[in-house]
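Q: Pasting a structure here, questions to come.
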Amino acid sequence: MNRVKTISRILYYLSALLALIYSGMALYSVVCLLTGWNLIPYGEGKYLHILYPFTSKPFLNIDNNLPYMLFSFLLPLTLYGLFFWITCGVFRVFHQPRLFTAKNVTRLRQFYGFNLIAPVSAVLLAAIFVPVESPIWALVVVHLLLGVFAYFFAVIFRQGLQLQNEQDLFI
């Protein structure tokens, strides 16, 4: 079990870092897009460079139209920031002294709920405004499978918590 705790701790910190990176990129992009700071249009105004902070080097390249910015750029960045934050909570479950706790069941519920609802909802909403390419649908399927797998874990953890609570009553 020590190996599992070590691996989960490493993945916990990695997913926390990814959550910060994605969320930071989303926040930085929103600030740049709203203020015009560190933005350079190119390609006859069809595209924008979002520059690295305090430099003139391009950091992100995006289409210069509002539906693309909202649904193909900011929405995925924000949702992946949230995804990695929730994933961070799931990895935290596996390096706790007790696995079967109500809080751990809640973390697994949040994870499967997010993976079953957010990707499908986001892509269906985006499809109204921008074309959605087939690799995006493949990602949705991967998230759905991840959600189902996490649902199974949540059910097992709920059952484990129930058995643990019953055992505590008899001791």
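Note that the sequence shown covers residues 1212 to 1382 in the numbering used here.
Heads up, the beta-carbon is just placed ideally off N, CA and C, and yes, glycines get one too.
Everything numeric in this text was worked out from a predicted model, so none of it was measured.
1) Can you check whether the CB of leucine 1372 is closer than 8 Å to the CB of threonine 1317?
2) Buried or exposed, going by whether 16 or more other CB atoms sit within 10 Å of the CB of glycine 1247?
3) By a C-beta neighbour count over all protein chains shown, 10 Å radius and 16 as the cutoff for buried, is serine 1345 buried or exposed?
4) Return the residue from the list Met1212, Phe1340, Tyr1224, Ser1219 that minimises the CA-CA distance to leucine 1286.
5) Which two residues bound the contiguous beta strand (DSSP E) that contains tyrosine 1323?
6) With DSSP as the reference, label leucine 1355 as helix, strand or coil.
7) When the Cα of leucine 1288 is compared with those of Leu1356, Pro1252, Tyr1362, Pro1330, which residue comes out closest?
8) When the Cα of proline 1264 is compared with those of Lys1257, Gly1235, Gly1300, Pro1252, which residue comes out closest?
9) How do the segment 1290 to 1308 and the segment 1321 to 1337 stand: do at least 3 beta-carbon pairs fall below 8 Å, yes or no?
10) For valine 1242 and asparagine 1249, I'd like the C-alpha separation in whole angstroms.
11) Give the straight-line distance between the Cα atoms of glutamate 1255 and valine 1343, rounded to the nearest whole angstrom.
A: Once the coordinates are examined:
1) No, these two residues do not count as a Cβ contact at 8 Å.
2) Glycine 1247 should be labelled exposed.
3) It is exposed - the Cβ of serine 1345 has fewer than 16 other Cβ atoms within 10 Å.
4) With distances taken between Cα atoms, leucine 1286 lies closest to Phe1340.
5) From DSSP, tyrosine 1323 is part of no beta strand (DSSP E) but of the alpha helix (DSSP H) over 1313 to 1340.
6) Helix, per DSSP.
7) Comparing Cα-Cα distances from leucine 1288 to each of Leu1356, Pro1252, Tyr1362, Pro1330, the minimum goes to Pro1330.
8) Ranking the options by Cα distance to proline 1264, first place goes to Gly1235.
9) Counting Cβ pairs under 8 Å, three or more are found: they touch.
10) Cα to Cα, valine 1242 sits roughly 9 Å from asparagine 1249.
11) C-alpha separation (whole angstroms): 24 Å.
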